[in-house]
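Asks: Mapping of the sequence shown onto the numbering used here: position 257 corresponds to residue 258, and the numbering continues sequentially without gaps.
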Amino acid sequence: MEIVVLGSGAGGGFPQWNCNSQASNRARHGDPKAKSRTQSSLAVCANGKDWVLLNASPDIRHQINTTPALYPAEGLRHSPISAVLLTNADVDHVAGLLTLRESHPFAIYGTGRVLDVLGANSIFNVVNPDLVPRRPFGLGQTVDIRGTDDSDLGLRVELFGVPGKVALWLEDESKGANFGSVEEDTIGLRIEEIQSGKSFYYIPGCAAVPNELKARVNGTDLLFFDGTTWTDDEMPRMGLGPKTGKRMGHICMSGAEGSIAAFAEVSIGKRVFVHINNSNPALLEDSEERKEAEKAGWIISEDGMEFRL
Ligand code: MLT
Ligand code: MN
C-alpha cells in the first residue's frame, strides 16, 4: 500500500494567506528550513492504479499537479482518483470537492453528519451526485471502499470516534459547552490493505488521547496524528488569534497533557504528525521544538512525503 501526504498543514496552510508572523514570512520567502505546507489530506493506493483521498483540501488542485501518481493517465479526460473519504466537515477537509467537478466519476464516503453538510450546501452539487455518489459510512462500521463501477479498490476502512468537536463553522453556541457536537463529528480511520492485511491509522483531529485510543493504536505500523499546535495557548500567546488548541478541538504536542507524552509508551512503528498549524514552531527545522519532537520519535510530515506498507 502506498500513502502520500498531499497536505501536511492545518486549516489555512503554511504560510496562511494573511499571516505576517516571522515563521510565515520565512516560508513565503522560500527558507528551506521553513517549508510551505498545503492543507490537510492524504492519498492512498492499494492496487497500483486507483487512489483514494483522505479528505479533500482547498489546495487539491496544486496537490494533484505536484503528485505524478494523481495525473490523468488515459484518454483526454481521466483521473486515478476513485474515491474520497471525509473525516469531518472542516473547510480544510471538504472544500477541495468543489475543485473535483468536471464530470469525473468517483465515490464520496462520509458520516451522516458530513453528507448532510454537503446536502445542505447546494454548491456541492457541482460535483454531480448522479456521477459522484455519496455513500454514508458510520461509527463502528468496517467498509470496503468501492469505485463508482462497484470495483474493489483493495482498501477496507474502519471508523471510530475520537474526542473532539464539530467543525468550527458549524458550531452552535446555543447548544452549550460542546457547541452541539456529536460523536461522529470527530472520527479516526483505520485503513487496511485487504490483500496483505497491513493497516495504518489516520486521526487528523483529536482533542485528547484516552486509554481506549492508546489501546486501539498499540502495535500499529503507522499512525498519522493531529499535530495542530505545540502548546495549547500558542495562538493567543503569539497574538495570532484568541483560540486555544483545546477550544478548537485539538490536543497539543508538548507537555504532560500533550500527544507526545500520551503516546510515549504506545508501540507504534512510525508516528507522524499531520494537520500542523502555521503557529506550531515544530514546523521550523531549526527549532528546539522540532528537535524535541524528533527526539521523541515523531516525524513532522511535509507535503509529498511517501510511506509504503
Ligand atoms: C480545525 O481543524 O480546527 C479547522 O480546520 C479550523 C478551521 O476551520 O480553520
Ligand atoms: Mn482542520
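All C-beta atoms in this analysis are idealised placements derived from N, C-alpha and C, irrespective of residue type, glycine included.
Compute the Euclidean distance between the alpha carbons of E174 and E3, then round it to the nearest angstrom.
Replies: The straight-line gap from Cα to Cα measures roughly 41 Å.
Asks: I want to check one thing, is the minimum distance from the CB of T229 to the heavy atoms of the ligand FMN below 8 Å?
Replies: Ligands present in the displayed structure are limited to the ligand MLT and the ligand MN, and the ligand FMN is not among them.
Asks: May I ask you to check if the CB of D304 is nearer than 8 Å to at least one heavy atom of the ligand MN?
Replies: No, since every heavy atom of the ligand MN falls outside the 8 Å radius drawn around the Cβ of D304.
Asks: Can you give me the Cβ contacts of I300 inside the same chain, cut-off strictly under 6 Å, excluding the 5 residues immediately before and after it?
Replies: These residues qualify, in order along the chain: V273.
Asks: Quick one: does T232 have its CB under 9 Å from some CB of chain D?
Replies: In the displayed structure, chain D is absent; only one protein chain is listed.
Asks: Can you give me the Cβ contacts of K50 inside the same chain, cut-off strictly under 7 Å, excluding the 5 residues immediately before and after it?
Replies: The residues are P81.
Asks: Could you compute how far the alpha carbon of F180 sits from the alpha carbon of V167?
Replies: Distance between the alpha carbons of F180 and V167 is about 7 Å.
Asks: Using a Cβ distance threshold of 8 Å, determine whether the stretch 199-211 contacts the stretch 223-233, with at least three qualifying pairs required.
Replies: With the cut-off at 8 Å, the stretch 199-211 and the stretch 223-233 touch.
Asks: Would you tell me roughly how many angstroms separate the C-alpha atoms of P282 and G250, rounded to the nearest one?
Replies: For P282 and G250, the distance between alpha carbons rounds to 19 Å.
Asks: Which one of V128, H105, S152 has the shortest CA to CA distance from L116?
Replies: Taking only the C-alpha atoms, the option nearest L116 is V128.
Asks: Report, in whole angstroms, the separation of the C-beta atoms of L311 and V85, which I expect to be a contact under 8 Å.
Replies: Any answer about residue 311 is impossible in this case: the structure gives the chain only from 2 up to 310.
Asks: Taking all protein chains shown into account, do 16 or more other C-beta atoms lie within 10 angstroms of the C-beta of G14, making it buried, or fewer, making it exposed?
Replies: Burial call: buried.
Asks: Looking at the unbroken beta strand (DSSP E) that takes in A11, where does it start and where does it end?
Replies: Counting along the chain, A11 falls outside any beta strand (DSSP E), and DSSP gives it neither H nor E.
Asks: Apart from the five residues on each side of it in sequence, which residues of its chain come closer than 6 Å, Cβ to Cβ, to E159?
Replies: Within the same chain, E159 has close Cβ partners T143, R191.
Asks: Can you check which of these residues, H63, S9, S104, N89, is closest to N126 by C-alpha distance?
Replies: Considering only alpha carbons, the answer is S104.
Asks: Where does the unbroken alpha helix (DSSP H) through S25 begin, and where does it stop?
Replies: Element bounds for S25: 23-29.
Asks: Based on Cα-Cα distance, which residue from G246, R102, A257 lies nearest to H276?
Replies: The residue with the shortest Cα to Cα distance from H276 is G246.
Asks: Provide the residue span of the beta strand (DSSP E) that contains S260, from first to last.
Replies: Counting along the chain, S260 falls outside any beta strand (DSSP E), though it belongs to the alpha helix (DSSP H) covering 260-263.
Asks: Would you say D93 touches the ligand MN, meaning its beta carbon is less than 8 Å from a heavy atom?
Replies: Yes, Cβ of D93 sits closer than 8 Å to a heavy atom of the ligand MN.
Asks: Out of M306, I65, T39, state which residue places its alpha-carbon closest to the alpha-carbon of Q17.
Replies: The shortest C-alpha separation from Q17 is found at T39.
Asks: Since L156 sits in a beta bridge, which residues does DSSP pair it with?
Replies: E194.
Asks: Pick helix, strand or coil for W231, following the three-state DSSP scheme.
Replies: Note: W231 maps to coil in three-state DSSP.
Asks: When the Cα of L87 is compared with those of M239, I188, L101, A216, which residue comes out closest?
Replies: Closest by alpha carbon: I188.
Asks: Which same chain residues end up closer than 6 Å to P164 when comparing Cβ atoms and leaving out the 5 residues on each side of it in sequence?
Replies: Counting only Cβ-Cβ distances below 6 Å, and skipping sequence neighbours, we find A208, A209.
Asks: For L36, count neighbouring C-beta atoms within 10 Å of its own C-beta (all shown protein chains included) and say buried if the count is 16 or more, exposed if not.
Replies: Note that residue 36 is Lys in the sequence shown, not Leu. Result: buried.
Asks: Using the C-alpha atoms, what's the distance from N279 back to D32?
Replies: Their Cα atoms are separated by approximately 15 Å.
Asks: Alpha carbon to alpha carbon, how far is R136 from K34?
Replies: Those two C-alpha atoms are separated by around 41 Å.
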